[in-house]
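Those letters in the sequence shown? Residues -8 to 321, per the working numbering, in order.
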Amino acid sequence: MSDPSSRGPVLRTPFHARTTASQVLEGIDLTDRHAVVTGGSSGIGAETVRALATAGAAVTVATRRPELAAPLIKELSTVPQAGPVQAVELDLADMSSVASFVQQWHGPLDMLVGNAGIMALPSLCLNDQGWELQLATNFLGHFALATGLHQALREAGEARIVMVSSGAHRKTPFDFADPNFERRPYDPWSAYGQSKTANVLFTCGARRWADDGIIANSVNPGFIITNLQRHLSDEALRAAGVTKVDGELVVPAHFKSPAQGASTSVLLAASPLVRGVTGLYFEDNQEAQIVRGDADQTSGVAAHALNRDSADRLWDLAESALPQAGYTRQ
Ligand SMILES: NC(=O)c1ccc[n+]([C@@H]2O[C@H](COP(=O)([O-])OP(=O)(O)OC[C@H]3O[C@@H](n4cnc5c(N)ncnc54)[C@H](OP(=O)(O)O)[C@@H]3O)[C@@H](O)[C@H]2O)c1
């Protein structure tokens, strides 16, 4: 398996920003393969579920509210070649919920798509263990889920983890001195960006699982109008160009549809084009260039998110948080 430090030119695929998830999976048969998609009942996650299941995979939608996945499950049950889809309750901010999900899982797991996320909460919120809520949901919960399901991933023989990060990671290195904003003023975008840097660092740290046949890569899906923007003020939505002065929704030209936003996730989860690569960050279906992490960059992956020392340090931090959080392995 290759890793970023030993790689030559970046990995290229024939796909692009406008390719949809189903186009990426055209001709790929995922029958008898098992996938878990967190946050799979809405937005990019729902399109990820739709594409994987339509290609034949058995998909578990891991969601806080399983009833929200009912229409998607019903729709997919009418698609002749689609694999079975079920919804199982999972609250990533609650480590006992993660432990319960892990305990209910039986058999091998081929694909784990860590897609669920929350963005830019206006004020500082903590989970029960005192972790800032975006960091707890977007990173720690997924870390607990992946480590809890490690054995199931190993049993698959060749398994893939996909972490849905964001371009917002570029401005925000992980703050090891104060990850939960105890000593610095809370900032919604720093908190979101830090959690998304943590997503990339996790895939970098997961290189330790390469000998178990498990690869892990991260993705920036691009800009897509979804429920994710629900915490943004009217002013912030107008500034981002997604609403007019009267509040009417506009989709800016550079925004993608959810099906386009899900394409890089399914590329990493299931395409033979990326077989065996681990610890890489993709956007628009291509491996991203490594860039300086600052406000001027509009694409690429920041070097701070691929730093192996930071990845290992974060892994240790998360691992030490789990027992305190009441998280127990099967
Ligand atoms: N949309 C974009 O422009 C964009 C850009 C860059 C990155 N992303 C990333 O893409 C991913 C998917 O976002 P989206 O745009 O599709 O937004 P979305 O429609 O809001 O989907 C996010 C999903 O995460 C779930 N979730 C939130 N908190 C959870 C928790 N504690 N436990 C379990 N599930 C939880 C939500 O479930 P509920 O329905 O229960 O809230 C929802 O299903 C996120 O990681 C996001 O950061 C999105």
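Note that CB positions come from ideal geometry on N, CA and C, so glycine has one too.
Check whether the Cβ atoms of residue i and residue j lie closer than 8 Å to each other.
{"i": "ASN190", "j": "PHE6", "result": "no"}
{"i": "LEU136", "j": "PHE92", "result": "yes"}
{"i": "GLN14", "j": "THR51", "result": "no"}
{"i": "GLU274", "j": "ASN211", "result": "yes"}
{"i": "ALA127", "j": "GLY30", "result": "no"}
{"i": "LEU103", "j": "VAL40", "result": "no"}
{"i": "VAL241", "j": "GLY252", "result": "no"}
{"i": "ASP20", "j": "ARG55", "result": "no"}
{"i": "SER288", "j": "VAL1", "result": "In the sequence as presented, Ser is not what sits at residue 288; that position holds Gln. The answer is no: Cβ separation not under 8 Å."}
{"i": "ARG198", "j": "GLY105", "result": "no"}
{"i": "LEU67", "j": "ALA44", "result": "yes"}
{"i": "TYR183", "j": "ALA111", "result": "yes"}
{"i": "GLN185", "j": "ASP169", "result": "no"}
{"i": "THR10", "j": "SER254", "result": "yes"}
{"i": "PRO113", "j": "PRO179", "result": "yes"}
Mapping the DSSP letters down to three states, classify residue i as helix, strand or coil.
{"i": "MET110", "result": "coil"}
{"i": "HIS25", "result": "strand"}
{"i": "THR45", "result": "helix"}
{"i": "VAL89", "result": "helix"}
{"i": "ARG55", "result": "coil"}
{"i": "LYS65", "result": "helix"}
{"i": "GLU38", "result": "helix"}
{"i": "SER301", "result": "helix"}
{"i": "ALA201", "result": "helix"}
{"i": "GLN125", "result": "helix"}
{"i": "VAL242", "result": "coil"}
{"i": "GLU274", "result": "strand"}
{"i": "GLU310", "result": "helix"}
{"i": "GLU80", "result": "strand"}
{"i": "LEU322", "result": "Past the boundaries of the shown model lies residue 322; the chain is included only from -8 to 321, so the question cannot be answered."}
Apart from the five residues on each side of it in sequence, which residues of its chain come closer than 6 Å, Cβ to Cβ, to residue i?
{"i": "PRO249", "result": "GLY34, ILE35, GLU38, ILE215"}
{"i": "TYR177", "result": "LEU115"}
{"i": "PRO314", "result": "none"}
{"i": "HIS295", "result": "PRO164, GLY284"}
{"i": "ILE64", "result": "VAL76"}
{"i": "ILE109", "result": "GLN125, THR128"}
{"i": "SER32", "result": "VAL52, THR54, LEU59, ALA60"}
How would you label residue i, buried or exposed, when you count the other beta carbons within 10 angstroms and need 16 or more for buried?
{"i": "ARG161", "result": "buried"}
{"i": "VAL268", "result": "buried"}
{"i": "GLY47", "result": "buried"}
{"i": "TRP122", "result": "buried"}
{"i": "ALA90", "result": "buried"}
{"i": "SER224", "result": "exposed"}
{"i": "ALA150", "result": "buried"}
{"i": "GLY74", "result": "buried"}
{"i": "ARG24", "result": "buried"}
{"i": "VAL292", "result": "buried"}
{"i": "GLN72", "result": "exposed"}
{"i": "SER87", "result": "exposed"}
{"i": "ALA309", "result": "buried"}
Just to confirm my understanding: we take residue i, look at its own chain, exclude 5 residues before and 5 after, and list those with CB closer than 7 Å. What are they?
{"i": "GLY196", "result": "ALA302, ASP303, LEU305, TRP306"}
{"i": "ALA84", "result": "ASN118, LEU124, ALA127, THR128, GLY132"}
{"i": "LEU259", "result": "ARG151, VAL153, ASN208, VAL210, VAL265, PHE273"}
{"i": "ALA42", "result": "ALA12, SER13, LEU16, ALA253, VAL257"}
If you drop the 5 nearest sequence neighbours on each side, which residues of the same chain put their C-beta closer than 8 Å to that of residue i?
{"i": "GLU146", "result": "GLY98, PRO99, LEU100"}
{"i": "SER256", "result": "ALA12, ILE35, THR39, VAL104, ASN106, VAL153, VAL155, VAL210, PRO212"}
Next on the checklist: For the structure I just gave you, are there three or more beta carbon pairs, one from the stretch 236 to 255 and one from the stretch 197 to 206, closer than 8 Å?
Outcome noted: no
Checklist entry - Is it a yes or a no for the stretch 139 to 146 touching the stretch 87 to 104, going by three-plus beta-carbon pairs under 8 Å? => result yes
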